[in-house]
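Below is one structure, written out as structure tokens; the observations come after it.
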Amino acid sequence: MIITLVPILFTGVAAYYLFGKFISKQLDCPNNNPTVKGLEKSEVKAAIKEAETHKKALEKEIKEIEAERKDILKGSEENKADQATEKLEAKEEKAAELVILEKDLADLKAVDKGGFMASVPNKLTMNNGL
Numbered sequence: 450m451i452i453t454l455v456p457i458l459f460t461g462v463a464a465y466y467l468f469g470k471f472i473s474k475q476l477d478c479p480n481n482n483p484t485v486k487g488l489e490k491s492e493v494k495a496a497i498k499e500a501e502t503h504k505k506a507l508e509k510e511i512k513e514i515e516a517e518r519k520d521i522l523k524g525s526e527e528n529k530a531d532q533a534t535e536k537l538e539a540k541e542e543k544a545a546e547l548v549i550l551e552k553d554l555a556d557l558k559a560v561d562k563g564g565f566m567a568s569v570p571n572k573l574t575m576n577n578g579l
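Residues 450 to 579 in our numbering are what the sequence shown lists, from first letter to last.
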């Protein structure tokens with residue numbers, strides 16, 4: 450009986466240490482986010498405030514770009530389609546930046562709360578933005 454338990458115990462201990470050393474460092478969890486790694490608790494809180502203000506500024510810029518685009522489309526200029534396309538591209542760039550910022554902000558908040566949710570991969574939690 451003991452002879453059968455030794456390989457099982459060895460496999461369990463080996464799997465535990467392999468997961469801790471190698472696998473957990475490669476998962477997409479809030480703790481492994483490059484913007485969060487290496488920050489102390491006070492730095493995380495400061496980064497959260499900075500990210501929230503940046504998010505508000507980006508949302509405001511997107512609204513302004515959309516308003517300018519609508520004004521251009523209402524006008525009677527010859528090249529309004531080109532100008533509107535440029536504004537649309539600028540809006541899409543800002544929206545892509547906003548999506549990345551929201552993901553980082555969610556990871557920062559999860560790390561700030563700490564606990565188990567900071568080490569769970571994003572695909573398994575509500576942090577993934579879906």
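We treat Cβ as the ideally placed atom computed from N, Cα and C, and that holds for glycine.
Between residue 547 and the set 568, 532, 502 and 533, the nearest pair of CA atoms involves 502.
In this structure residue 493 touches residue 561 by the C-beta definition: roughly 5 Å separates them, less than 8 Å. For residue 486, there is no enclosing alpha helix (DSSP H), as DSSP gives it neither H nor E. In this structure, DSSP gives residue 528 a state outside helix and strand, which the three-state scheme calls coil.
With a threshold of 16 other beta carbon atoms within 10 Å, residue 571 meets it and is buried.
Taking the Cα positions, residue 498 is about 37 Å away from residue 465. Distance from the CA of residue 491 to the CA of residue 563, rounded to the nearest whole angstrom, comes to 13 Å. Contact between residue 540 and residue 511 holds, with the beta-carbon distance rounding to 6 Å and staying under 8 Å.
The beta carbon of residue 495 lies closer than 6 Å to none in the same chain, with the five residues before and after it left out.
Apart from sequence neighbours up to five positions away, the residues of its chain that approach residue 569 with a beta-carbon distance below 7 Å are 478, ordered along the chain. Boundaries of the alpha helix (DSSP H) harbouring residue 458: 451–467, taken from the DSSP string. Spatial neighbours of residue 544 in its own chain (CB-CB distance under 7 Å, excluding positions within 5 residues in sequence) are listed in chain order as 511. For the 7 Å CB-CB criterion, residue 533 and residue 521 form a contact.
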